[in-house]
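Under our numbering, the residue at position 136 of the first sequence is numbered 1550, and the numbers go up by one with no gaps.
Cβ atoms here follow ideal geometry from the backbone N, Cα and C, with glycine treated the same way.
Below is one structure, written out as structure tokens; comments come after it.
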Amino acid sequence: MVYNPNKIEKRWQRIWEKSGIYQASDKVKGKNNFYNLVMFPYPSGDLHIGHWYNFAPADVYARFKKMRGLNVMSPIGFDAFGLPAENAAIKRHIHPKTWTYKNIARMRSQLKSMGNSYDWSREIITCDPEYYKWTQWMFLQFYKNSLAHRAKVPANWCPSCKTVLANEQVVDGKCERCDSQVIQKEIEQWLFKISDYAEALLEDLDNLDWPSATKLMQKNWIGKSEGWEIKFKIKNYKLEIPVFTTRADTLFGCTYLVVAPEHPIIINNKSRITNYKFVEQYINESKKKTERERISEIEEKTGVELKGIKAINPVNGREIPIFAANYVLMHYGAGAIMAVPAHDQRDFEFAKKYNLPIKMVICPNYPKTICPILDRAFENEGFLVDSGKFTGMPSNTARERVGEWLQKDEVAEKKVYYRLKDWLISRQRYWGAPIPMIFCEKCSWQPVREKDLPVLLPNIKDYLPTGEGKSPLAKSKKFMNVVCPKCKGPAQRETDTMDTFICSSWYFLRYADPCNEKKFASAQKLQTWLPVNMYIGGAEHSVMHLLYARFFVKALKKMGQLNFSEPFLSLRHQGIILGPDGQKMSKSRGNVVDPDEQVKKYGADAVRIYLCFMGPYNQGGPWNPNGLVGISRFLNKVWQLCRSQPSTSSRKADFYKLERLLHQTIKKVTDDIDNLRFNTAISALMILVNELHNQSENTSRSIKTLLLLLAPFAPHLAEELWLKIGEKKSIHGQKWPVYDSKLVEEEKIQFIIQINGKVRDKIETAADISEAEAKTLVLASEKIKPWLQGKEIKKTIFVQGKLINLVI
RNA sequence: GGGCGAGUGGUGGAAUGGCAGACACGAUGGAUUCAAAAUCCAUUGAGCGCAAGCUCAUGAGAGUUCGACUCUCUCCUCGCCCACCA
């Protein structure tokens, strides 16, 4: 009988679903529970090979953990709100909801064809009212705990479409749809105070079992910088400009100040700035640019002097000019800097352009005072020169001393700034969870009462954004006009919806208790499953999603809703699968691999194993169209092995050799899956199969072990053969085989003899040979004799069980 | 500009201080077949040699070491992330 994957796979998928063998029990207590999570997909239409690469090996891991005796939960769901649904709706005239649910239905059946051990009874869809009710509830908790607030925030604004644009809708500073110049417009929006948690988010990174690169990315994103805030007085006025610096040691070299174009010192002193008209013009120019552009423009720095006002350098009383320039950002630090052109490259470039004095105050050669001639800023450490009483001090010490000295006069203050900005969560979009807030003229903003949740997303027909920068929901009077929860007077709903990252910031909590109508999840079930033991997904979520989810958990813990402070104990990223041409897969390149086609041709088991086998899991790589052939052969061999007795081979089974290989394979596969090294686990299984294939006698025990080891990788084939060899119960409920560490060790080894580090002979010896014995063998070797002829052995290195190296 | 990661046969990769190229793909030759597919066997880094064997070889160059794909430094190339963060 021939191995026909398509026949057996569908059948087993049906049987497993009916029997519910992958449903995780909530009742198991203690440490035996294992929460294995993959990043839930966005229902974009089709399951692509990237999804497979994330989900299939993750399922191997889950199945392995289950066979190791753990009570494993592997849930799946859909991250269903988002902009692409709206775009598809506009393009194809389908309602976002219709489009989304149609995609979900399709992807669900594709997911099932993978043969993963998902507990489908826990499926969640974030655009279901039963789910977003709790997303809205989350918002209310954040609001009640002062973690949600309103502020004017610049948004991408297309003046021609009169609409707010998402970052990805801005192409080259122009509107994606009408090609007109996008400007920055300030709009009042809701923000989450993630910055309150900057320090906690940074500190707790240390304890996580995450890829170090991911931790580092989060660290840089949070961007803690410690320094001093220094107040510069304005000459003749009772005004001051605080600046933030991490290099207080360079203060004596400060030759001018720079403020951001939006800095209040400008607007508040229109009459004092003698060239205000000119300054205003510059500010308007810079407003046209998005911050992203302002930053990414590598073009020259520009600026304008604020004439009529001068600042005073507190360390030496010198008068210095003040500039407004595009290279200083309002939202970071104090929105103003002290410019030290000799020791900061940006200031250096600016000073060169506007012919400002460059004063060297850090010199690497002290006490020789020959300072290098600068063709760029000297940003390294050195010794202070020309710096009053600090002259001669190492710059890293002076950094604190100068600050402390000024602190006595309350001119300086120690400060910590974070790059992390508050999280803007308002979206002027239709396809998202409505923000549960109501605005009343009398009572201002009022939260929707919890018992009135969910605020249902109305089924409106026109989901194009409005002309005033409001969400399409503003068009529905029925939705908007409500009574104020406080005074019962007429009021209006918030019409913005929430950023979809909010939906995905807590979904892993809901899986623990997906049908609960009274709470987002019961304390007891959270206790059972959370935090997540293993989280597997793409590295593209290194900052946004993974940081937001951490923030949510920390905030919820503080509110008393959770009793743990990190959501994901272990995290791993899969690599990216490239097209056969080594390029990123894309429809326009025509190098997209359709997993459905591959499954049809080779079966889901083969595709799963190919993905495991192609290389290190976190590395990804190009799809090799021929690679599946080898896997297919391998699975066929397994099939033949179990279905018929080989008669062609003449080799007799060497019992001990086979036994040893079997135990070595168990060890290798066990260790490898545990460390997500799927590729080498498969190679070990191939070696075992090749060996069994060459034997004329198979012990049924080695076949059983092989099938057990193969079960996580090829669940359908293993299940089929398991029952065919006479077993009664599903292989996926069986215990993982154990190895005997004595049997793993080789009795005899290839002992290496090196002369000067080069291999000159190999001899078969006992594994525990001593140095003296080894030496005797070496001297007896015919191959070695000529090498030692007339030479003196200067040194001998002996490595137990491995080699001996003679240095001559 | 900064950070991180990678670079090994014709290809994907294995080996993380101790036999470089496991396992697989592809290729070549053979067996089987009327023929093909499938399957099986053999060979397969380069060079020299009839052979035993020797030499070279893990992006380039240096260093540490008895011994380096592996550790350190410099440089080159590619990929990803961040990017005027004071």
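THR2094 is positioned such that its CB atom lies closer than 7 Å to that of ASP2086. Per DSSP, THR1942 is one residue of the alpha helix (DSSP H) stretching across 1937 to 1943.
VAL1897 and GLN1437 have their C-alpha atoms spaced approximately 45 Å apart. About 10 Å separates the beta carbons of VAL1775 and ARG1661, which is beyond the 8 Å limit, so they are not a contact pair.
DSSP lists no bridge partner for TRP2150. In this structure, the straight-line span from the alpha carbon of ALA1847 to that of THR1911 is close to 5 Å. As summarised for the stretch 1956 to 1999, the continuous alpha helix (DSSP H) elements at least 4 residues long and confined to that stretch are 1958 to 1972, given in chain order.
Taking a cut-off of 8 Å on C-beta distances, the stretch 1648 to 1664 touches the stretch 1721 to 1728, as three or more cross pairs fall below it. In terms of CA proximity to LEU2055, LEU2131 leads the group GLU2073, PHE1792, LEU1992, LEU2131.
Per DSSP, PRO2030 has no beta-bridge partner at all. Taking the C-beta atoms as reference points, ALA1476 is found nearer than 7 Å to SER1488. DSSP, reduced to helix, strand and coil, places TRP1551 within a helical segment of the structure shown. For VAL2192, the enclosing alpha helix (DSSP H) stretches over residues 2185 to 2194. Under DSSP, TRP1571 takes part in a beta bridge, and its partners are VAL1578, ILE1597. Bounds of the alpha helix (DSSP H) holding THR1512 are 1510 to 1526.
DSSP places CYS1854 in the uninterrupted beta strand (DSSP E) bounded by 1851 to 1854.
PHE1922 is bridged by DSSP to nothing; it lacks a bridge partner.
According to DSSP, residue pairing for GLU1827 in a beta bridge involves GLU1643.
Straight-line spacing of the CA atoms in PRO1735 and VAL1729 works out to 16 Å. A straight-line Cα-Cα distance of about 16 Å links ASP1623 and ALA1963. In the assembly as shown, ASP1493 is a buried residue. Its beta-carbon has 16 or more other beta-carbons within 10 Å. With a cutoff of 7 Å on beta-carbon distance, ASP2010 and ALA2128 are scored as not near each other.
Cβ contact annotation for ALA1826 (same chain, cutoff 6 Å, sequence separation greater than five): TRP1642, ILE1644, GLY1817, LEU1820, in chain order. With fewer than 16 other CB atoms across the displayed protein chains lying within 10 angstroms of its CB, THR1688 is exposed. Around the Cβ of GLU1824, a 10 Å sphere holds fewer than 16 other Cβ atoms; the residue is exposed. Ranked by Cα distance from THR1716, the options ARG1760, ALA1750, GLY1747 are led by ARG1760.
In this structure, PHE1658 keeps its C-beta atom at 7 Å or more from the C-beta atom of GLY1796.
GLN2164: not part of any alpha helix (DSSP H); member of the beta strand (DSSP E) spanning 2162 to 2169, first to last residue. With at least 16 other beta carbons inside 10 angstroms of its own, PRO1886 counts as buried. Classified as buried, HIS2146 has 16 or more neighbouring CB atoms from the shown chains inside 10 Å of its CB. It is roughly 27 Å from the alpha-carbon of THR1664 to the alpha-carbon of GLU1613. ASP1610 is the residue among LYS1773, ASP1610, GLN2203 whose C-alpha sits nearest the C-alpha of ILE1636. Closest by C-alpha distance to GLU1908, out of PRO1945, GLU1733, ILE1852, is ILE1852. THR1659: member of the beta strand (DSSP E) spanning 1654 to 1659, first to last residue.
Spanning the alpha carbons of ARG1924 and ASN1727 requires a straight line of approximately 57 Å. Per DSSP, reduced to three states, the secondary structure at PHE1606 is strand.
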